[in-house]
Every structure is written in structure tokens, then in C-alpha cells.
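One structure is given below, encoded as C-alpha cells.
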Ligand SMILES: [Zn+2]
């Protein structure tokens with residue numbers, strides 16, 4: 001495949017858009033392309049529909065994992081594209097189609113020239129968008145047996161010059177936690193609300209309290225954010241004073257300990273408000289993402305590879321990106337770095353309806369990741385440790 005065929009590969013993947021955890025067709029397609037590259041090992045069904053291909057060098061050395069994501073997002077395709085998503089309500093508006101095409105191109109290059117030492121593992125991870133996929137892959141003993149020393153992933157980033165590499169050691173993307181609060185009282189006739197126990201005022205108090213939680217006072221510039229994403233009180237009828245309410249909120253922080261503290265604080269506030277209003281309160285947690293924390297040495301390798309590829313380099317403007325990525329779960333297995341690849345200053349934003357992956361990034365990303373893997377293989381083995 002020449003690089004001029006890469007856009008065709010990316011667009012084919014775009015048509016296959018599938019939901020998180022349901023990436024069966026995409027995984028089959030990817031596994032078939034990888035099989036053509038004749039890796040030493042091809043694993044399928046990792047943590048769901050995950051796929052990994054292992055390319056071995058002639059001698060022992062470190063194990064390097066490069067990751068792409070299989071899943072699309074729940075944004076309908078409204079662009080009139082020839083390669084439009086064939087799945088109603090779903091499309092690759094995060095650019096995971098591009099990340100997969102880049103990784104398949106790295107596989108093609110590794111099949112032509114095997115690494116001299118160590119091993120390179122190309123991982124196509126399921127369910128990134130829900131935060132469930134990386135943990136499921138890590139829990140699979142077949143993946144754990146690969147014992148990665150280095151782990152890298154790129155994400156295309158609109159708002160930056162095409163090909164600009166963005167990385168920093170430490171927090172790269174925020175950790176987040178989805179909080180679901182259920183407030184239970186007692187329903188009554190709307191003419192006699194005093195005979196029941198409506199969670200109306202508690203719900204209102206809780207929304208206000210969550211979005212105005214005091215910031216942690218040790219570092220006022222640090223990222224700490226609560227966004228109420230959904231609220232429901234009873235049913236949409238006029239005759240009933242409601243007996244229950246539900247509030248969903250997303251909590252974010254650039255430090256795992258701070259996120260844990262924020263969760264405790266939010267839960268305590270919810271319980272206190274429920275108690276004050278004589279309500280029962282249930283709290284659940286979903287879509288948990290740890291902070292995507294970059295290892296110092298891994299971030300330095302990204303920077304070195306970018307320089308060698310002649311790509312412009314920048315530290316991100318923000319202290320940590322506010323969005324979350326479950327690469328942080330994988331990075332804990334060794335020395336890991338997640339980095340951004342600029343998709344164009346005016347390129348539509350991730351998850352926006354008018355987003356489509358910038359094909360100019362395909363050869364850039366493939367050369368960069370390929371070089372990064374070969375550079376990491378030159379490092380001493382046994383680099384598995386955590387910050
Ligand atoms: Zn993404």
C-alpha cells in the first residue's frame with residue numbers, strides 16, 4: 001500500500017463506524033489487514049473486540065505498544081461524504097478511523113522491515129469513548145503476557161497547525177468520573193404535595209451545590225470542574241407531585257488524588273442535601289477515566305521523534321486537556337505517553353458534526369509512530385515502572 005492509498009483505507013474504516021463495545025465489523029476488518037502483514041502473533045477478542053499484532057525483532061529487547069481506538073461516537077453523519085458512515089446515529093467524529101489507518105500503515109512498514117530487537121505490538125483498543133476498553137484489555141491475561149515496557153498513542157487535535165506535535169510530561173488529559181445521583185421521596189397528587197415528599201428543592205439545591213463546589217485551595221490554577229449533564233424530576237405530567245429525581249454530573253481534575261477528593265466532596269454534598277430534605281439518596285459512578293499521565297522519558301522520546309521527523313513541537317496551552325482518554329489505564333503498565341497531532345487550526349472540533357479526519361495526517365502520523373517505536377526499542381529493556 002502506498003501512502004496515496006492510505007486515505008482510501010481511512011475512508012473505508014470511516015464507513016464502518018460502530019459503537020463502543022460493539023466494534024465487531026471494524027475489528028474483523030483490522031484483523032484481516034494485520035494478517036496480511038504476517039505478525040508473529042495476532043490476538044483478537046481482547047477485552048471485547050480488541051485486536052493486537054506482535055512484530056518480533058531478531059533478539060530480545062523492550063516491548064513497545066502503539067495504540068489506536070476502534071470505536072465511533074454517537075454523532076450522526078450530516079456531511080455529504082462519499083465515505084459517510086453506514087451506521088445511523090454513529091460516525092467517526094473523533095478521528096479514530098484515521099488513528100487506525102495510521103497504525104495499519106505502521107504494521108505494513110514493520111512487515112517489510114522487522115525490528116532488529118525487542119517487539120512492537122500494535123493494539124486496536126475497543127470502547128475508548130466509555131472508558132471501559134483499556135481496562136478490559138489490561139484485564140485480559142493474553143495482553144498482560146506481552147509485558148509492555150513502552151506505550152504510545154497519538155490523538156489528532158483540531159485547533160493546532162497540521163502536524164504540530166503536542167506533548168508534555170505529567171498530566172496530559174484530565175481524569176473524569178460520571179456521577180449518577182438518585183433522590184427518592186414519595187409521590188402524591190399534585191393538588192396535595194404536602195402529602196408526599198417531592199425532591200424538587202433538593203434537586204435544585206444539589207445542581208447549584210455541584211457546579212459551585214469550592215476549588216481545592218492548594219493549587220488555584222489546577223483543573224477541577226463539575227458539569228451537570230442531565231437532570232430529571234418525576235415524569236412529564238401535571239397531575240403528580242414527583243417522588244424521585246435523577247441528576248447526572250461529570251467531575252474532572254488533572255490529578256487522580258484531586259479527582260478522588262472531588263468525588264468524596266460531591267457525594268458528601270449530595271447525601272447532606274438529601275438528608276436535609278428527608279430523602280433517600282443513591283449514588284453511582286460510571287465512565288471512569290484516570291488522568292492520562294505521561295512518563296518523563298516517554299514524553300522525551302516523543303519530542304525527539306518529532307524533531308527527527310522535522311515536525312513543529314509545542315507544549316499544550318492548557319495545563320491538561322479537559323477531555324478524558326482511557327490511555328491512562330494502559331500507560332500504567334510501563335512508560336507511556338499520549339500526545340496530540342495538530343489537525344489544522346480551523347479544522348472542525350472533535351465530536352462536532354462537521355468533523356472528518358484530516359487525511360494529510362496519515363503519512364505524518366505513520367512515520368512519527370514508526371520512528372517512535374524504533375527509537376524506544378533502542379532503550380534498555382525492563383523500563384516497566386510508574387511515575
Ligand atoms: Zn478520540
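In the numbering used here, the protein residues as written are 1 to 387.
Ideal Cβ placement from N, Cα and C applies to all residues, glycine included.
Keep in mind it's a predicted model, so treat the numbers as computed, not measured.
Classification of residue i by the beta-carbon crowding that lies within 10 angstroms, buried from 16 upward
i	result
residue 9	buried
residue 125	buried
residue 238	exposed
residue 39	buried
residue 353	exposed
residue 250	buried
residue 120	buried
residue 33	buried
Residue i Cβ short of 7 Å to ligand 1 heavy atom set
i	result
residue 22	no
residue 94	yes
residue 457	Missing from the structure shown is residue 457; the chain here goes from 1 to 387 and no further.
residue 14	no
residue 49	no
residue 392	The structure shown has nothing for residue 392, since the chain only spans 1 to 387.
residue 128	yes
residue 347	no
residue 370	no
residue 155	yes
First through last residue of the beta strand (DSSP E) which encompasses residue i
i	result
residue 65	59-69
residue 154	150-157
residue 182	175-184
residue 202	Residue 202 -> not in any beta strand (DSSP E); alpha helix (DSSP H) instead, spanning 200-211.
residue 280	280-289
residue 79	First-last for residue 79: undefined, no H or E at that position.
residue 130	Neither: residue 130 is in no beta strand (DSSP E) and is coded neither H nor E.
For residue i, the residue or residues it bridges with in DSSP
i	result
residue 73	91
residue 250	178, 227
residue 332	DSSP lists no partner for residue 332.
residue 195	BP columns for residue 195 are empty, so no partner.
residue 323	Looking at the DSSP assignment, residue 323 forms no beta bridge with any residue, so it has no partner.
residue 56	119
residue 244	184
residue 42	53
Unbroken alpha helix (DSSP H) run spanning residue i, endpoints
i	result
residue 36	24-36
residue 370	361-377
residue 262	256-276
residue 99	96-112
residue 133	133-139
residue 300	296-308
residue 9	6-15
Does the stretch 137-146 come close enough to the stretch 263-271 to have 3 or more Cβ pairs within less than 8 Å? In short, these stretches do not touch, since the Cβ pair count stays below three.
Does the structure place the stretch 54-62 close enough to the stretch 113-132 that three or more beta carbon pairs sit under 8 Å? yes
Just checking, does the stretch 151-167 make contact with the stretch 332-345 on the three C-beta pairs under 8 Å criterion? yes
Does the stretch 179-196 touch the stretch 86-94, meaning 3 or more C-beta pairs lie closer than 8 Å? no
For the structure I just gave you, are there three or more beta carbon pairs, one from the stretch 160-176 and one from the stretch 97-107, closer than 8 Å? With a cut-off of 8 Å, the stretch 97-107 and the stretch 160-176 do not count as touching, because too few Cβ pairs lie within range.
So, do the stretch 221-230 and the stretch 247-256 have three or more beta carbon pairs nearer to each other than 8 Å? By the Cβ rule, the stretch 221-230 counts as touching the stretch 247-256, because three or more pairs are nearer than 8 Å.
Determine, using beta-carbon pairs with one atom in the stretch 64-81 and one in the stretch 11-31, whether at least three such pairs fall under 8 Å. yes
Contact the stretch 285-303 vs the stretch 328-339: 3+ CB pairs below 8 Å: yes
How about the stretch 297-312 and the stretch 30-45: do they share at least three Cβ pairs that are nearer than 8 Å? Short answer: they don't touch.
Would you call the stretch 184-194 and the stretch 357-376 in contact, with 3 or more CB pairs under 8 Å? They do not touch, by the three-pair rule.
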